[in-house]
Every structure is written in structure tokens, then in C-alpha cells.
Amino acid sequence: MTLSRYSATLIGAGSVGLVLAASLAKANWDVSILGARTPLDKISMQENGIFSQYFVKKFNTHQNFKPPNLLIIAVKSQQVDTVSHWLPAFDGKNTTVLVAQNGIDQRQIFQNYFSDSPIIPAIIYFNAQRDNPGSVNLRRIGHQDVFLPQQEQAHLLASAFSTGGLRVLLTEDIQTRLWLKLLTNISVNPLTALTGQPTGIMHRSDIADSARALMLEALPVARAEGADITVQDVEDTLTWISTIPPESQSSMLQDKQAMVPSEYQALTGAVVRAGARHNIPTPLNKLVLSLLAGSEAKLLRN
1 MTLSRYSATL
11 IGAGSVGLVL
21 AASLAKANWD
31 VSILGARTPL
41 DKISMQENGI
51 FSQYFVKKFN
61 THQNFKPPNL
71 LIIAVKSQQV
81 DTVSHWLPAF
91 DGKNTTVLVA
101 QNGIDQRQIF
111 QNYFSDSPII
121 PAIIYFNAQR
131 DNPGSVNLRR
141 IGHQDVFLPQ
151 QEQAHLLASA
161 FSTGGLRVLL
171 TEDIQTRLWL
181 KLLTNISVNP
191 LTALTGQPTG
201 IMHRSDIADS
211 ARALMLEALP
221 VARAEGADIT
231 VQDVEDTLTW
241 ISTIPPESQS
251 SMLQDKQAMV
261 PSEYQALTGA
271 VVRAGARHNI
281 PTPLNKLVLS
291 LLAGSEAKLL
301 RN
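Just so we're aligned, residue 1 is where the sequence shown starts under full-length UniProt numbering, counting upward by one.
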């Protein structure tokens, strides 16, 4: 008798999605990909000059299908509307939805699409860059690759990703972890995108000072939102940023180079909106938000 394998479907075959899908394929999950512009039958991954390949399937939207155990949504926040027509078919108590997306509002956003499926936000700390369709370069930073909330459905995923080579930590305080990651995203992403430089630009003292100021301004907002973070967390985040390989490109810089809209509203915009809810001024982040919006105005017109 053949034991059935766990199954996963990926929506969003960008850099993060490819790494997660490759990890599950390595853990012997049955992985399919939905919506990739170029049909994929394998994922090629490079890490530290070592190449590996993992076989996947193209998801067929024109057939009656058995819902997968896991749906991974790895599109960016500004792309959700473009994939939303696929989501209702996956809604069910037997399909867990893993949202690998920057920001702090993953559950709130996807509760609009899923009434029965458990929703799990994944906080991603690895750096990845897609070279070609189905090909990704993985760079690890720090001691953890993925944070997941301490909830029932997350234990299976943590085990699978660990088997597939990712370093996973379950956390009791997902709100704090989301805001800690947001500190990185409101500094590295905007500053690399606005300067047009890879992450090595963060080693400049003036840029590091700007990053510190943006994060310190967000601290009272994060606390008002229930996150347990301190000034020391800002300094620890700056230390972590300094360990990122200098040639690495932030996701926002990659979007800028590809001339596609970026996720600034889910990052810097989230701080500004939360600050407004709590009557906490955020002038520096508001300035950065306006600069990012202005830099993409032509893209939106097109």
C-alpha cells in the first residue's frame, strides 16, 4: 500500500515562494504551482555555489481537483487582487493557508477570502533572488529562516520546512515578531529602493542613521499595536542588517529594477496608518511614504 503524500500548491512563484516550495519538495511533499507565467516542472536553487533541483507540477485550473493540504500565497500585497479569483476554490477546513507576505495584516487581508481555512502568517528572514523563472538564489541571514505562530496547523509545516532544510522557529508572540520584521522592512526596503543601491548601502553611517530614525519613530506605534519591542530591538535590527551580504537586493529594489509596483503601502504605509489610528505622529515615515509613492507614480499611470 502506498502512503499518500502531503500536498501543497504555490501561488506566487517569485523568490520567496520558490524557496518555500523547494523546501517542501525536498521534504517529499507533492508540490504544484499555480499562475506562473512560465510553466514550471522543476525548481532550481543555488546556495553558496551549490545547485539543487526539485520537481514540481503545474496546477491545472480546468479540472476538478482535490484541495491540497497547504496553499502557499507568496504574492506581494499589491498583487493580491490579481490572484483573488483563484482563492475561493481552496477554502476549506482541510486546507491550511500559509501567507508568505511582508507586512502586519496578513490574517486581516485573507480573512476576506477564506472563511474555513486556517490562515498562518509566515515571517521570512532569508534573502532570495529569482534569476530566471523557476531559478532562485538563496542567501541565509542570521540564525532563523522562517518564523511561524505557535498554533496547531503550524507544527506540521515547521516539521516539513525543517526537513526541507529551512531553519524554522515557532513563536507564541506573532504580533511582536511581525513588527520586528517590519522594522527591517521600513528601513532596508525604502532606503535601498530610493538610493537604487543593494543592501551594502546600509553600511554607510548616514544611511544607518536614517534607518535608525525610521525605526525609532515606529516604536511607539508598534507598542500601541500590542508589540513588545524596545530601543534595544532597533539596535539589534541594525546589527542584523549589517550581516546581510552587501550584494543582496531588497525586494523593493528588485521591484524598482523590474519597473513594477512595490509593496510600500504594506510596509511604510502600515506604520503611517497605524500611527494615525493611535494619534501618534510619524513624519519621517510619512515623508518616505510620499517619496516612494512619487517614485512609482509613472508606473501607476501606466
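Note that CB positions come from ideal geometry on N, CA and C, so glycine has one too. Bear in mind the structure is a predicted one, so any value in this text is a computation, not a measurement.
- Counting only the Cα atoms, residue 177 lies some 8 Å from residue 123.
- In its chain, beyond the 5 residues on either side, 228 have a beta carbon closer than 7 Å to the beta carbon of residue 173.
- According to DSSP, residue pairing for residue 39 in a beta bridge does not occur.
- About 13 Å separates the Cβ atoms of residue 6 and residue 26, ruling out a contact at the 8 Å cut-off.
- Comparing C-alpha distances from residue 203 to each of 240, 143, 137 shows the shortest one belongs to 240.
- For residue 49 and residue 33, the gap between their C-alpha atoms comes out near 25 Å.
- Annotation: residue 7 is outside any alpha helix (DSSP H); the continuous beta strand (DSSP E) that includes it extends over 7-11.
- Here residue 259 carries a coil assignment [DSSP, helix/strand/coil].
- In this structure, DSSP gives residue 56 a state outside helix and strand, which the three-state scheme calls coil.
- Residue 269 is positioned such that its CB atom lies closer than 8 Å to that of residue 289.
- Here residue 47 carries a strand assignment [DSSP, helix/strand/coil].
- Secondary structure of residue 28 (DSSP, three-state): coil.
- Shown here for residue 166: same chain residues with a beta carbon closer than 6 Å to its own, the five before and five after excluded, namely 23, 145, 146 in chain order.
- By the criterion of a C-beta distance shorter than 7 Å, residue 15 is surrounded in its chain by 128, 129, 130, 136, once the five residues flanking it on both sides are discounted.
- Runs of the beta strand (DSSP E) lying entirely within the UniProt domain "Ketopantoate reductase C-terminal" (173-294) and spanning at least 3 residues: none are present.
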